[in-house]
Amino acid sequence: MDATTNTTEHEAVASQPQQRRIHAQIPDDKAMLRAAAELTRDINTARPEIYWPDMIGSALVGYAAMAGAILVESTWAAVGLSIVSVFALYRALLFIHEISHLHRDALPGFRTGWNLLVGIPMLTPSLMYEGVHTLHHARTKYGTIEDPEYMPLALMKPWSLPVFVGIAALAPIALIVRWGILAPLGMGIPALRRFSWERFSALSINPSFRRRAPDAKERGWFLFQQVGASAWAVFLMTTPFWLGWRPLLIAFAITAAVAVFNQLRTLVAHLWENDGEAMTVTAQYLDSVNVPSFIAGIWAPVGLRYHALHHLIPSMPYHSLHEAHRRITERLGDTSTFAQASHPGMIPLVNRIARSTMGQRDR
Numbered sequence: 000m001d002a003t004t005n006t007t008e009h010e011a012v013a014s015q016p017q018q019r020r021i022h023a024q025i026p027d028d029k030a031m032l033r034a035a036a037e038l039t040r041d042i043n044t045a046r047p048e049i050y051w052p053d054m055i056g057s058a059l060v061g062y063a064a065m066a067g068a069i070l071v072e073s074t075w076a077a078v079g080l081s082i083v084s085v086f087a088l089y090r091a092l093l094f095i096h097e098i099s100h101l102h103r104d105a106l107p108g109f110r111t112g113w114n115l116l117v118g119i120p121m122l123t124p125s126l127m128y129e130g131v132h133t134l135h136h137a138r139t140k141y142g143t144i145e146d147p148e149y150m151p152l153a154l155m156k157p158w159s160l161p162v163f164v165g166i167a168a169l170a171p172i173a174l175i176v177r178w179g180i181l182a183p184l185g186m187g188i189p190a191l192r193r194f195s196w197e198r199f200s201a202l203s204i205n206p207s208f209r210r211r212a213p214d215a216k217e218r219g220w221f222l223f224q225q226v227g228a229s230a231w232a233v234f235l236m237t238t239p240f241w242l243g244w245r246p247l248l249i250a251f252a253i254t255a256a257v258a259v260f261n262q263l264r265t266l267v268a269h270l271w272e273n274d275g276e277a278m279t280v281t282a283q284y285l286d287s288v289n290v291p292s293f294i295a296g297i298w299a300p301v302g303l304r305y306h307a308l309h310h311l312i313p314s315m316p317y318h319s320l321h322e323a324h325r326r327i328t329e330r331l332g333d334t335s336t337f338a339q340a341s342h343p344g345m346i347p348l349v350n351r352i353a354r355s356t357m358g359q360r361d362r
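Counting from 0, one number per residue, gives the positions in the sequence shown under numbering that gives the first Met the number 0.
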């Protein structure tokens, strides 16, 4: 039986966010899965004429605005330029998500170019997502203890949400320590090198996740990124001695804001209502979030406002997700299972998750 026959039941459950939906009991909606595959085959190719200018332009605007914030004397001008830098670098950084899904033969040179222009300078090389993020999409791992990017936040205590978002502000310090201190020390201390790789080399929110050793074919590529990130981190640590503290502190503030912004986006990327059960693809879709509004493209750029749709078609390039969403909605209608993953915006989603945590206070 297709889940489309249970639309009314699903809508009733969704209207009560404080009541946990048992995702393991949701069957696959075969009509939705079929429509997603059939309607998007012709737009499933990454287009270099979109990827390259978008990534390079975002990075250059971000760095130029950061330089301006460092150099200008006016406090208000520095704040305004810092805001521009945050949004531009945030967009440039989120191409790491696309890189984790790109086939190795797609967009030749893009991974290297992104790492040289964005990943290494921001101390977030793509190795921190490559081979990690795909586990989040694995059929039997999503939402379980083996998922590096999942915590049942909606089922946790109320204090967990501000801690989850606020801890991201420490990202610049953590990255400097990881690449500027632990990486050089790990060259001579194998135990520290293994520990750093397992615990501090992945963009993971699951504290139980331990990263496996890289495959032989990945080692050279990952070594290039590690050496680059380590050399840049050491260089940044020397700048206060000859440039003063202002440039580094402004760069840290901008990077921290990017990290917090991304953590807020992550908070509303899913409903976080699963408690470790393995789920069908449809259940994973319904635990994920689409926010089709135009404004969502600012806080969830590079296609991430269609995060639920991305979980249906992980290989779909970001520039095609809007059209894919339009086609599938047109085919299935506003009362379908597909429509249930669409939400009006960030604030309603945060409120939904917060209300759910309030119900956990006495448990």
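Think of the CB as a built atom: it goes at the ideal place given N, C-alpha and C, for glycine as much as any other residue. A quick note: this is a predicted structure, and the numbers were derived from the prediction, not measured.
Inset, instruction - Measure how close the beta-carbons of I297 and A68 come, nearest whole angstrom, since I'm counting them as under 8 Å. - result: Taking C-beta atoms under 8 Å as the contact rule, I297 and A68 fail to qualify, at a distance of about 20 Å.
Legend entry - Close beta carbons around S125, own chain, < 8 Å, minus the five adjacent residues each side: Counting only Cβ-Cβ distances below 8 Å, and skipping sequence neighbours, we find I95, I98, S99, R110, W113, N114, G118, Q224.
Inset, instruction - Look up Y149 in the DSSP assignment and say whether it is helix, strand or coil. - result: In this structure, Y149 counts as coil in the three-state DSSP scheme.
Legend entry - Extent of the continuous alpha helix (DSSP H) to which F234 belongs: For F234, the uninterrupted alpha helix (DSSP H) run begins and ends at 215-242, by DSSP.
Inset, instruction - Would you mind listing the beta strand (DSSP E) stretches within the stretch 304-356 that are 3+ residues and don't spill past its ends, in chain order? - result: Counting only runs of 3 or more residues that sit fully inside the stretch 304-356, no beta strand (DSSP E) segment turns up.
Inset, instruction - Have a look at the DSSP bridge pairing and note the partners of S287. - result: Answer by DSSP bridge pairing, in chain order: H269.
Legend entry - Residue of G108, F260, A173 minimising C-alpha distance to P161: Comparing Cα positions, the closest option is F260.
Legend entry - First through last residue of the alpha helix (DSSP H) which encompasses Y89: Per DSSP, Y89 belongs to the alpha helix (DSSP H) from 74-92.
Inset, instruction - Please determine, among A277, F240, P313, Y284, the residue with the shortest C-alpha to C-alpha distance to K29. - result: In this structure, Y284 is the residue among A277, F240, P313, Y284 with its C-alpha nearest to the C-alpha of K29.
Inset, instruction - Confirm the yes/no value for this check: CB of L59, any heavy atom of the ligand COA, distance under 7 Å. - result: The ligand COA is not among the ligands present in this structure, which contains no ligands whatsoever.
Inset, instruction - Starting from M65, trace the alpha helix (DSSP H) both ways and give me its first and last residue. - result: 47-70 is the span of the alpha helix (DSSP H), which, as asked, contains M65.
Inset, instruction - Please name the residue, chosen from Y128, P47, M121, S335, that lies closest to E217 on a Cα-to-Cα basis. - result: The residue from Y128, P47, M121, S335 with its alpha-carbon nearest to that of E217 is Y128.
Inset, instruction - State buried or exposed for Q17, treating a residue as buried only when at least 16 other CB atoms are found within 10 Å of its CB. - result: Residue placement at Q17 cannot be trusted, given a pLDDT of 46 that sits under 50; the coordinates are not used to answer.
Inset, instruction - Consult DSSP for Q359 and reduce its assignment to one of helix, strand or coil. - result: Coil.
Legend entry - Residue of M315, F293, T281 minimising C-alpha distance to Q24: It is T281.
Inset, instruction - Determine contact between the stretch 29-46 and the stretch 329-336, defined as no fewer than three beta-carbon pairs at a distance below 8 Å. - result: Segments in contact, yes.
Inset, instruction - Within its chain, find whatever has a CB closer than 7 Å to the CB of T356; leave out the 5 residues flanking it on each side and keep chain order. - result: Excluding positions up to five away in sequence, the list reads A153, M155, K156, P157, S159, L160.
Inset, instruction - Report all residues from its chain with a CB closer than 7 Å to the CB of T143; omit the five preceding and five following residues, and keep chain order. - result: For T143, the CB contacts under 7 Å within the same chain, skipping 5 residues up- and downstream, are G275, A277 in chain order.
Legend entry - Through-space distance from I175 to E197, alpha-carbon basis: Straight-line measurement puts the Cα of I175 at about 17 Å from the Cα of E197.
Legend entry - Bounding residues of the alpha helix (DSSP H) (the contiguous stretch that carries K29): Looking at the DSSP string, the run of the alpha helix (DSSP H) that includes K29 is 29-37.
Legend entry - Closest Cα partner of T44 within the set L169, V257, A323: Distance from the Cα of T44 is smallest, within the candidate group L169, V257, A323, for A323.
Inset, instruction - Specify the secondary structure class of H136 as computed by DSSP and reduced to three states. - result: Coil.
Inset, instruction - Could you check the C-alpha separation between A170 and A201 for me, to the nearest Å? - result: A170 and A201 have their C-alpha atoms roughly 13 Å apart.
Inset, instruction - Give the DSSP-derived three-state secondary structure of W158 in the structure shown. - result: Note: W158 maps to coil in three-state DSSP.
Legend entry - Pair within 8 Å by beta-carbon distance, A374 and R264: Given that the chain is displayed from residue 0 to residue 362, the structure contains no residue 374 and the question cannot be resolved.
Legend entry - When W244, I312, A63 are compared against G79, the one with the closest alpha-carbon: The option with the nearest alpha carbon to G79 is A63.
Legend entry - DSSP-derived helix/strand/coil call for D41: The DSSP-derived three-state label of D41 is helix.
Legend entry - Assigned exposure category for T139 - 16 Cβ within 10 Å defines buried: Around the CB of T139, fewer than 16 other CB atoms lie within 10 Å, so the residue is classed as exposed.
Inset, instruction - Examine the Cβ distances between the stretch 225-232 and the stretch 175-189 and report whether three or more of them are shorter than 8 Å. - result: Taking 8 Å as the limit for Cβ pairs, the verdict is that the stretch 175-189 does touch the stretch 225-232.
Legend entry - Cβ neighbour criterion (16 or more within 10 Å) applied to N350: Exposed, since its Cβ has fewer than 16 Cβ neighbours within 10 Å.
Legend entry - Contact set for Y317: own chain, Cβ-Cβ below 7 Å, skip 5 residues either direction: If you ignore the 5 residues before and after Y317, its C-beta comes within less than 7 Å of the C-beta of E97, V301, G302, all in its own chain and listed in chain order.
Inset, instruction - Just mark A215 as buried or exposed, buried being the case when its beta carbon has 16 or more other beta carbons within 10 Å. - result: Residue environment: A215 is assigned as exposed (fewer than 16 neighbouring CB atoms within 10 Å of its CB, all protein chains considered).
Legend entry - Cut-off 6 Å between Cβ atoms - residues of its own chain near H310, not counting five sequence neighbours on either side: These residues qualify, in order along the chain: Q283, Y284, S287.
Legend entry - Beta-carbon spacing of I204, M150 below 8 Å: A contact, by the Cβ cut-off of 8 Å.
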